[in-house]
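Enquirer: Below you'll find the structure I mean.
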Amino acid sequence: MNKQQPLSRIAVTILAYRRAEKLEQLRLALRSFPTAELFVFCDGARGAADENECRQTQQVAQRFLEDHPGAKIVVRERNLGLNQNIVQGITTALSTAPFTVVLEEDVIPQPGLFEYLAQAEAAYRDQHQVFSIAAFHPIVTEEGPLTTFFSRRFFCWGWATWADRWQAMLPLLNGTTWPYEHYWQIPSCMGTDCQWAHRQHRMGRKAMTWDRLLALWTLQHDLLHLCPSTRLTENIGLDGSGENCTANDPARRLFEPVNSFDGAVWEFPESISATEAMDEKIRAYFTNRPRGHWDRIRKRVNYELARLRGLKKYGL
């Protein structure tokens, strides 16, 4: 692998909606990080009930200009929804920046994140099979704290990518095309959550979020995602304030930072490939297992009801 000069400053893309307090914590955290360009995209309110929270979040977004005078703040005039705000925001940022880290409003970078991203970007700048660099994943590994590995599954809790790779994938993220026609065609290494989301989405329940869709498309195209063996972001949104979490979600402990890695030199895999052992760990983590006797009955009843309604109607 050719040695290339790491980036001295990295562009940052922030996606926000209505959590002003979370965005303020992210703003304060980014004061100590050397950023190149900085973009903040605030989605519009869904309705009157969200207007005040969205307005407060937009006011916080404007305060990024205090520490980053050249920041680009975009406030949506209407609600695009999470998927489109993220996809359009990343597309806009990567139209001028060759590489960016993507942070939602509740993802806080930890010391050492930008050094890690800079080293990884230099190492894989010309390796187009590597689609993204993850800052966090929920998989427990036995590797050393400064090692990395490749995953076939995409992780969205702080991640970075290149403009050329994003543009190549962008036409597939419009929600009208599918990487797999049937949910049972999705490889088992993804776990079962993507299979269930695919199935529910095709039944009209809009369960295929942007990150799952991106995960499936990159999997189908044999693209990989570099992951650190330690946590480099903290998720402060697993307290009921987010769109897809419950209050005091037990998964929050997975997102608590464990160490600071300022000035660290990272080790990267010798070959660009995912191992079967890591595939199995990811599959196990993302496999939806029934919890107890009654949950198994509930899942079985729901399945039979769906089958009786006629799954062929949905092309499943």
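Each number in our numbering corresponds to the 1-based position in the sequence shown with 358 added. By construction, the Cβ of each residue, glycine as well, lies at the ideal position given by its N, Cα and C atoms.
According to DSSP, is PRO648 part of a helix, a strand, or is it coil?
Expert: Residue confidence for PRO648 is low, a pLDDT of 49 falling below 50, so the modelled location carries little weight; the figure read from the coordinates is stated next. It is coil, neither helix nor strand.
Enquirer: Return helix, strand or coil for TRP536, following the three-state DSSP convention.
Expert: In the three-state DSSP reduction, TRP536 falls in the coil class, being neither helix nor strand.
Enquirer: Select from MET566, HIS426, SER546, LEU475 the residue whose C-alpha is nearest the C-alpha of ALA555.
Expert: MET566
Enquirer: Report buried or exposed for ALA378, applying the criterion of at least 16 other Cβ atoms within 10 angstroms of its Cβ.
Expert: By the neighbour-count rule (16 or more Cβ atoms within 10 Å), ALA378 is buried.
Enquirer: For SER631, which residues from the same chain have a beta carbon less than 7 Å from its beta carbon, with the 5 sequence-adjacent residues on both sides left out?
Expert: PHE508
Enquirer: Checking contacts by CB at 8 Å: is THR588 closer than that to chain C?
Expert: Of the chains in the structure shown, none is chain C; there is only one protein chain.
Enquirer: Between the stretch 633-643 and the stretch 534-548, do at least 3 Cβ pairs fall closer than 8 Å?
Expert: yes
Enquirer: Roughly how many angstroms lie between the CA atoms of GLN363 and ALA476, to the nearest whole one?
Expert: 9 Å
Enquirer: Let me check understanding here. Comparing Cα to Cα, which of GLU411, LEU574, GLN442 lies closest to PHE489?
Expert: LEU574
Enquirer: How close, in whole Å, do the beta carbons of LEU329 and ALA493 come, if the pair is a contact with beta carbons under 8 Å?
Expert: In the structure displayed, the chain extends from 359 to 674; residue 329 sits before or after that span and is not available.
Enquirer: Only counting runs of 4 or more residues, tell me where the alpha helix (DSSP H) segments fall wholly within the stretch 395-483, in order along the chain.
Expert: 406-420, 422-425, 440-451, 471-482
Enquirer: If we call anything under 8 Å between Cβ atoms a contact, is PHE512 one with LEU365?
Expert: no
Enquirer: Which class does SER546 belong to by DSSP, given the choice of helix, strand or coil?
Expert: helix
Enquirer: Buried or exposed: which applies to GLN416, given that a residue is buried once 16 or more other Cβ atoms fall within 10 Å of its Cβ?
Expert: buried
Enquirer: Near TRP524, what residues of its chain come up, given a Cβ to Cβ distance below 8 Å and the 5 sequence neighbours on each side ignored?
Expert: Cβ within range, chain order: ILE448, THR449, LEU452.
Enquirer: Can you check DSSP and say which residues form a bridge with VAL488?
Expert: LEU582
Enquirer: Where LEU581 and GLU539 are concerned, what is the direct C-alpha to C-alpha distance, given to the nearest angstrom?
Expert: 19 Å
Enquirer: Do LEU373 and ASN443 have their C-beta atoms within less than 8 Å of each other?
Expert: yes
Enquirer: With DSSP as the reference, identify every bridge partner of PHE494, one or two as the case may be.
Expert: BP columns for PHE494 are empty, so no partner.
Enquirer: Could you tell me the boundaries of the alpha helix (DSSP H) in which LEU381 lies?
Expert: 378-388
Enquirer: Check VAL659 in the structure and name its three-state DSSP category.
Expert: helix
Enquirer: For GLN553, count the other beta carbons within 10 Å of its own beta carbon; 16 or more makes it buried, fewer makes it exposed. Which is it?
Expert: buried
Enquirer: Give me, in chain order, the residues of the same chain whose beta-carbon lies closer than 7 Å to that of ILE640; leave out the 5 immediate sequence neighbours on both sides.
Expert: ILE497, SER509, ARG511, CYS547, GLY549
Enquirer: From the DSSP output, which residues share a beta bridge with ALA374?
Expert: CYS400
Enquirer: Name the DSSP beta bridge partners of GLU625, please?
Expert: THR505
Enquirer: In this structure, how does DSSP classify GLU500 when only helix, strand and coil are distinguished?
Expert: coil
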